[in-house]
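Have a look at the structure below before the remarks.
Protein chains: 2
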Amino acid sequence: MKTYRFLIAAAVLLAPLFSQAQPQAGEGQRLTPQVMARLFPAGVVSPDYHADGSVTFRCQAPAARSVSLDCQMLPAPVAMVRDDKGVWSVTVKPGKPDIYPYAFVVDGTRIADPNNMFIFPNEGFKNSLVDVRGPEPSVQDIQDVPHGKVSYRFYHSGTCGIERQMTVYTPAGYDPAGSEKLPVLYLIHGMTDTYETWFKVGHVNNILDNLIAAGLARRMIVVMPYANPYPEMMRQGLADRYDAMDTERVVREILDDVRPFIESHYKVRTSARDRAVAGFSLGGRQALACGLGHPEAFQWVCAMAPALFGEEYRTNFTNGTYAPVEKVRNSYRLLWIGTGTSDFLITPSRNLDAFLTENGIRHTFYTPDGGHTWMNCRDYITRVAQLIFK
Amino acid sequence: MKTYRFLIAAAVLLAPLFSQAQPQAGEGQRLTPQVMARLFPAGVVSPDYHADGSVTFRCQAPAARSVSLDCQMLPAPVAMVRDDKGVWSVTVKPGKPDIYPYAFVVDGTRIADPNNMFIFPNEGFKNSLVDVRGPEPSVQDIQDVPHGKVSYRFYHSGTCGIERQMTVYTPAGYDPAGSEKLPVLYLIHGMTDTYETWFKVGHVNNILDNLIAAGLARRMIVVMPYANPYPEMMRQGLADRYDAMDTERVVREILDDVRPFIESHYKVRTSARDRAVAGFSLGGRQALACGLGHPEAFQWVCAMAPALFGEEYRTNFTNGTYAPVEKVRNSYRLLWIGTGTSDFLITPSRNLDAFLTENGIRHTFYTPDGGHTWMNCRDYITRVAQLIFK
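Just so you know, the sequences run in chain order E and S. Per my numbering, the very first residue in the first sequence carries number 33; after that it's consecutive. Per my numbering, the very first residue in the second sequence carries number 33; after that it's consecutive.
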């Protein structure tokens, strides 16, 4: 069996992770096939990628009555089939290569794939990611081009009163001591996503690396803040409720904490001409408030499937959330809205598009196929990255 | 209900993530209590931290017959109790504040906590992390001190023929254009762990930030490579089996790919005096091979619960894996071994300790309480970080 050496090592080393009780001293060296099987079941590989673009998913669940695969490459969940060792599997092939979130549903309980290290960073659910590559690498795949980096930064937030995190993409060859000053895109995640989601799911670093290498995007820094301070604020007694709708705090955090941190720690340009803000879903709502509310700070504003509630698409121009129509009409180099035609948030986007058109506000409204997904998000950021700072 | 605004937004925005079928256009705005309950169940908060140091864990699993909590703060799994909405819960209190891995066991299937964004990065299982803080912050907690950063770096590996990743900690104020050159610690994860585990579970960045701020550790760069290239090599047809025991390749990767990348991209010292290597478990085996096999490259070698098989603790000194005893006796500023007394790998460490003593090789053997855990790992790195480069 080709996985033999792996299983031996796995059995020795993984024992304490799978079993709560610590083995007695030396016990780990008394291996039996029974112990190995218990500790590292059957060398399960999942997802298992095949040359024809299909993928086999496997889930070890001997006691389960039913297991299905719920993957965004499929129109509906599909049943998995149990083998005589209790490993459930199914082989599927997506309509096109892409990165798709998925989970197993084990007797009604959704679980991430235990054998897949690629997890969808989120506060409220645990999906895994299957990365189906095509014959040619796509813009979101890592390729052998100069690579930028993604840094996890830690800072004290005056707005929230706690230590916070963000991630920051800098392009290959970024040199804080050089003469080059870069423009900055502030890029906001969706609801219950985190500061890791645009990196781990959005592959924004690969997309920028590849676009920059091909001469299709300007060199830029991408800042990915964490738009939800509430869990940590509640834990520290600084808030008594989780307020996902507190866009005003997110805007202040970005303008008063994140922006000064970036502008004092990175070699960046600091005019509105050189700042963009973009976001997905709830982050699209926040990006609009940030950008349209602060023409003095941002001249590029991009909303991807923005969550606008009720009449916000027009009342925000008069209630102080956004600048007045006259100001918006003359302040921006790009106002970009992108929402899939089957996105459940297409209606507010259409309302906003119509309002902007009626009021003579120049903008781009991009409506591809697809829904409220990160497959669409990667398309949005690929397009936006080629427009801004030009 | 204090979570009301959150639930409304959650129901609108999370629909496509929980349901495979895309809602029809506008459907997300026709919210009913039934739709909301399906989309975002009951505002489950888990883990829920209490002021007395106890923690409530909750798991939504209405159809389950039994749910238990398997947490490394507890000597054995504990049953969780179902409420009338199908949310299972239990409240426990650890013997001491620390960060503990845990999973829920739902009808025999282990799952990460769906409502906890803090996941244990690993190839082969999905644990969550509960972070119980004490009245005073500990060395592993983020504190209001100058923060370094952790960067995800991408590079082409000649040893493996693929694009690879590592994480790199640089301390606060690190300035690639300044005159300061830093020493470098190469820090290797355990088996099935990844290049993220020392960061996300080990909190090595917080530990270094706090030790450096207190004047207890030298400023240094910490490089965390990914010791397992096999999944990606197999996918690309460059390997036909998963060889966890291929320590020789890990050593070559670190010396021939990772080290040159670091020394050409960072302002670092490049003498053996200014390089350390350390690792946990299988990474301890690799750190010993790297360090004791290459006295010309490393003068500081630290093995944390190293996985040494059979007679390797002595045969490695004569088969070319390590330098000969005479060379080891005179080449190192620190040879440090740390293994918990109830670690299932204590016996190989004791054998190595005895062999080193018999052969007059100066070393430190640290044997605290505890097992093969990341609670112990954080203790090891806290101690090692105060010893090296001094």
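A virtual CB, placed ideally from N, CA and C, is assigned to each residue, including glycine.
Residue from the options whose Cα sits closest to the Cα of residue i
{"i": "S/Ile-244", "options": "S/Pro-203, S/Ile-413, S/Phe-136", "result": "S/Pro-203"}
{"i": "S/Tyr-364", "options": "S/Gly-372, S/Leu-314, S/Phe-421", "result": "S/Phe-421"}
{"i": "E/Asn-147", "options": "S/Asn-147, S/Pro-146, S/Arg-142", "result": "S/Arg-142"}
{"i": "E/Met-223", "options": "E/Gln-318, E/His-188, E/Gly-210", "result": "E/Gln-318"}
{"i": "S/Met-277", "options": "S/Leu-388, S/Leu-340, S/Pro-292, S/Trp-120", "result": "S/Leu-340"}
{"i": "S/Ala-304", "options": "S/Asp-289, S/His-326, S/Leu-320", "result": "S/His-326"}
{"i": "E/Asp-176", "options": "S/Thr-350, S/Gly-190, S/Lys-125", "result": "S/Gly-190"}
{"i": "E/Pro-109", "options": "E/Asp-84, E/Thr-123, E/Gly-118", "result": "E/Thr-123"}
{"i": "E/Gly-180", "options": "E/Arg-165, E/Gly-205, E/Ser-160, E/Glu-280", "result": "E/Gly-205"}
{"i": "S/Tyr-289", "options": "S/Ile-369, S/Cys-192, S/Phe-157", "result": "Contrary to the premise, residue 289 of chain S reads as Asp rather than Tyr in this sequence. Checking every option, the nearest Cα to that of S/Asp-289 belongs to S/Cys-192."}
{"i": "E/Val-182", "options": "E/Lys-232, E/Asp-116, E/Ser-211", "result": "E/Lys-232"}
{"i": "E/Phe-293", "options": "E/Val-77, E/Gln-172, E/Leu-106, E/Met-256", "result": "E/Met-256"}
Between the CA atoms of residue j and residue i - distance to the nearest angstrom
{"i": "S/Gly-162", "j": "S/Leu-214", "result": "In the sequence under discussion, the amino acid at residue 162 of chain S is Val, which differs from the Gly named in the question. S/Val-162 and S/Leu-214: Cα-Cα distance of roughly 33 Å."}
{"i": "E/Tyr-132", "j": "S/Met-149", "result": "19 Å"}
{"i": "S/Arg-135", "j": "S/Cys-91", "result": "Per the sequence shown, residue 135 of chain S should be read as Ala rather than Arg. S/Ala-135 and S/Cys-91: Cα-Cα distance of roughly 10 Å."}
{"i": "S/Leu-384", "j": "S/Gly-234", "result": "25 Å"}
{"i": "S/Leu-248", "j": "E/Pro-167", "result": "52 Å"}
{"i": "E/Leu-377", "j": "E/Leu-366", "result": "21 Å"}
{"i": "E/Trp-230", "j": "S/Pro-261", "result": "24 Å"}
{"i": "E/Tyr-398", "j": "S/Val-254", "result": "44 Å"}
{"i": "E/Asp-102", "j": "E/Tyr-201", "result": "31 Å"}
{"i": "E/Gly-381", "j": "S/Glu-264", "result": "For clarity, residue 381 of chain E is Ser in the given sequence; the question names Gly instead. Distance between the alpha carbons of E/Ser-381 and S/Glu-264 is about 40 Å."}
{"i": "E/Trp-120", "j": "E/Arg-114", "result": "4 Å"}
{"i": "E/Asp-241", "j": "S/Phe-186", "result": "11 Å"}
{"i": "S/Gln-418", "j": "E/Glu-344", "result": "56 Å"}
{"i": "S/Arg-267", "j": "E/Ile-194", "result": "43 Å"}
{"i": "E/Gly-311", "j": "E/Leu-219", "result": "5 Å"}
{"i": "E/Thr-350", "j": "E/Lys-359", "result": "11 Å"}
{"i": "E/His-395", "j": "E/Val-333", "result": "10 Å"}
{"i": "S/Glu-295", "j": "S/Cys-409", "result": "27 Å"}
{"i": "E/Pro-126", "j": "E/Ala-246", "result": "28 Å"}
{"i": "S/Gln-331", "j": "S/Arg-291", "result": "15 Å"}
{"i": "S/Gly-118", "j": "S/Ala-83", "result": "26 Å"}
{"i": "E/Ser-313", "j": "E/His-221", "result": "8 Å"}
{"i": "S/Val-164", "j": "E/Asn-159", "result": "25 Å"}
{"i": "E/Asn-237", "j": "S/Arg-346", "result": "46 Å"}
{"i": "S/Phe-157", "j": "E/Pro-79", "result": "14 Å"}
{"i": "S/Glu-280", "j": "E/Pro-94", "result": "37 Å"}
{"i": "E/His-188", "j": "E/Thr-405", "result": "32 Å"}
{"i": "S/Ile-151", "j": "E/Ala-386", "result": "43 Å"}
{"i": "E/Pro-169", "j": "E/Asp-306", "result": "31 Å"}
{"i": "S/Asp-411", "j": "E/Leu-106", "result": "46 Å"}
Assumed close pair residue i, residue j - CB separation to whole angstroms, cut-off 8 Å
{"i": "S/Ala-329", "j": "S/Gly-316", "result": "Actually they are not in contact, since the Cβ atoms of S/Ala-329 and S/Gly-316 sit about 18 Å apart, beyond 8 Å."}
{"i": "E/Leu-388", "j": "E/Tyr-354", "result": "In fact, because the Cβ distance is near 11 Å, the residues do not count as touching under 8 Å."}
{"i": "E/Ile-413", "j": "E/Ile-239", "result": "6 Å"}
{"i": "S/Asn-391", "j": "S/Val-416", "result": "Actually they do not touch by this definition, with Cβ atoms about 23 Å apart."}
{"i": "S/Ala-144", "j": "E/Ala-144", "result": "6 Å"}
{"i": "E/Gly-372", "j": "E/Asp-401", "result": "6 Å"}
Residues near residue i by beta carbon distance below 6 Å, same chain, minus five either side
{"i": "E/Cys-471", "result": "Shown here, chain E extends from 33 to 422; a query on residue 471 of chain E therefore has no answer."}
{"i": "S/Tyr-81", "result": "Val-87"}
{"i": "E/Asp-225", "result": "Asn-154"}
{"i": "E/Arg-301", "result": "Lys-213, Pro-215"}
{"i": "S/Ser-374", "result": "Gly-403"}
{"i": "S/Ala-96", "result": "Val-138, Asp-139"}
{"i": "E/Pro-208", "result": "Lys-299"}
{"i": "S/Ala-111", "result": "Ser-100"}
{"i": "E/Leu-217", "result": "Met-252, Val-254, Ala-308"}
Sequence-distant residues of the same chain with beta carbon closer than 7 Å to residue i, five excluded per side
{"i": "E/Tyr-184", "result": "Gln-197, Thr-199"}
{"i": "S/Glu-228", "result": "Pro-153, Thr-199"}
{"i": "E/Ala-259", "result": "Ile-220, His-221, Val-282, Gly-315, Gln-318"}
{"i": "S/Leu-324", "result": "Val-333, Tyr-354, Ala-355, Val-360"}
Residue i Cβ short of 6 Å to the ligand COA heavy atom set
{"i": "S/Ile-294", "result": "For the ligand COA, the structure offers nothing, since it holds no ligand at all."}
Neighbourhood of residue i by C-beta distance below 8 Å, restricted to the same chain and skipping five residues each side
{"i": "E/Arg-361", "result": "Asn-391, Gly-392, Ile-393, Arg-394"}
{"i": "S/Gly-85", "result": "Lys-125, Pro-126, Pro-129, Val-164, Gly-166"}
{"i": "S/Met-407", "result": "Gln-104, Asp-130, Ile-131, Tyr-132"}
- Sequence ranges, beta strand (DSSP E) only - wholly within the stretch 242-279 of chain E, length at least 3: Runs of beta strand (DSSP E) with 3 or more residues, each lying fully within the stretch 242-279 of chain E, are found at 253-257, listed in chain order.
- Unbroken stretches of the alpha helix (DSSP H), 4 residues or longer, contained in the stretch 282-341 of chain E: For the alpha helix (DSSP H) assignment, the uninterrupted runs of no fewer than 4 residues enclosed by the stretch 282-341 of chain E are, from N- to C-terminal side, 291-297, 314-324.
- Every unbroken beta strand (DSSP E) inside the stretch 80-158 of chain E [3 residues or more]: Counting only runs of 3 or more residues that sit fully inside the stretch 80-158 of chain E, the beta strand (DSSP E) segments are 87-92, 99-103, 119-124, 131-138, 141-143, in chain order.
- Query: Going along the chain, which unbroken runs of the alpha helix (DSSP H) with 4 or more residues stay wholly within the stretch 354-398 of chain S?
  - Reply: Fully enclosed alpha helix (DSSP H) runs of 4 or longer: 357-363, 378-390.
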